[in-house]
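**Student:** In numbering that gives the first Met the number 0, the protein residues as written are 0 to 271.
I am attaching a structure below and will ask some questions about it afterwards.
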Amino acid sequence: MGSFTIPASLVGGTRRPRVMIVGVGGTGSHFAEAFARLQHTVMALGHPGFEVTLVDGDRVSQSNVGRQRFYASDTGLSKALCLVHRINMAFGFDWEASHGYFKPKSLGDVRTPDLLVICTDKALLRAEIGSHMAKRPSEALWADFGNGAAKGQVCLGHLGKPAASERLPNVFDLYPELSQMERADREEPSCSMAEAITRQEFPINQQVAQLGIALLWTLLRKGSLDHHGYFVETTPFVQTRPMMIDPVAWSFYGYEAPKAARRARAKRAAAG
């Protein structure tokens with residue numbers, strides 16, 4: 000494959016592309032505000048902008064202040080509504096908010112976003128999305144953000160099965176073990192800033208969010224990518240490396256690109 004060309008749905012020729020950002024806490028709040036600046040910039044270059052919806056069922060707590068893009072006066076407010084109001088007032092956008100938890104089975108209808116951005120800390124949600132959309136035709140893209148204490152990654156892939164282009168594997172294609180991570184999903188949220196910092200280094204959410212913005216900026220500005228994600232570490236010093244668009248690299252995760260898989264099956268059939 001080697002490279003990936005921006006789909007027409009994100010160019011915005013006939014309508015504004017639909018973007019849904021799910022989870023606007025640690026990484027998601029940083030990404031949402033950075034994406035607003037990205038939208039403002041590409042609109043100045045002639046892009047029509049995006050129809051953006053923020054989805055989150057949580058409210059701002061004291062432990063969120065400072066580490067996430069919230070202030071003490073926001074405590075108790077819906078995270079999604081709070082950020083949308085702030086962004087719309089700052090940029091004059093018409094973003095929308097949904098105070099509730101995302102349901103993967105809502106994907107696949109006529110309102111499926113052109114770009115789904117997942118920034119939650121729930122592994123099983125990713126598995127549900129990947130399983131639900133695995134065989135469904137869709138040109139939509141899925142940008143997934145995940146991180147641990149001092150490491151993180153962003154991965155851009157196809158949400159379903161595109162008809163008109165080669166398929167870019169998503170995070171669930173590369174990490175199917177996400178479906179077995181119930182224990183991580185059961186971890187209780189941090190009750191204080193000190194506890195939150197013991198679980199995650201302060202810069203990691205911002206680092207992952209900015210790498211995702213860099214990836215989308217390259218796709219929107221240059222029209223193509225030769226990589227579809229990044230890995231980042233923040234200790235002992237900041238290191239980043241790209242996730243290349245390379246079927247050989249994907250094979251190390253156990254993923255076979257559709258064309259390669261068909262060739263392998265044909266070869267086995269011929270040998271048999």
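The beta carbon of each residue, even a glycine, is placed where N, CA and C say it ideally should be.
Applying the 10 Å Cβ sphere with the 16-neighbour rule, what's the burial state of Pro257?
**Tutor:** exposed
**Student:** Give me the Cα-Cα distance between Arg125 and Phe171, rounded to the nearest whole angstrom.
**Tutor:** 7 Å
**Student:** Pull up the distance between the alpha-carbon of Ala149 and that of Leu140, whole angstroms please.
**Tutor:** Here the alpha carbon of Ala149 sits roughly 26 Å from the alpha carbon of Leu140.
**Student:** Tell me the rounded alpha-carbon separation between Thr4 and Thr40.
**Tutor:** 21 Å
**Student:** Locate the beta strand (DSSP E) running through Glu165, then write down its first and last residues.
**Tutor:** Run containing Glu165: none; DSSP gives neither H nor E here.
**Student:** Could you say which of Val231, Ser137, Gly107 and Tyr70 lies nearest to Gly211 if we only look at CA atoms?
**Tutor:** Among Val231, Ser137, Gly107 and Tyr70, the Cα nearest to that of Gly211 is on Val231.
**Student:** How many angstroms separate the CA atom of Gln238 from the CA atom of Gly156?
**Tutor:** 23 Å
**Student:** Look at the alpha carbon of Arg198 and the alpha carbon of Gly147, and state the distance between them as a whole number of angstroms.
**Tutor:** If you take the alpha carbons of Arg198 and Gly147, they lie about 8 Å apart.
**Student:** What did DSSP end up calling Phe144 once you bin it into helix, strand or coil?
**Tutor:** strand
**Student:** Run the CB neighbour count on Pro235, radius 10 Å, all protein chains shown included, and call it buried at 16 or more, exposed below.
**Tutor:** exposed
**Student:** Give a yes or no on contact between the region 35-55 and the region 93-107, applying the rule of three or more CB pairs nearer than 8 Å.
**Tutor:** yes
**Student:** Hey, would you say Leu173 sits closer than 9 Å to Tyr252, going by beta carbons?
**Tutor:** yes
**Student:** So, under 8 Å CB-CB, Phe69 and Val59 are touching, yes? Tell me the CB distance rounded to an integer number of Å.
**Tutor:** 5 Å
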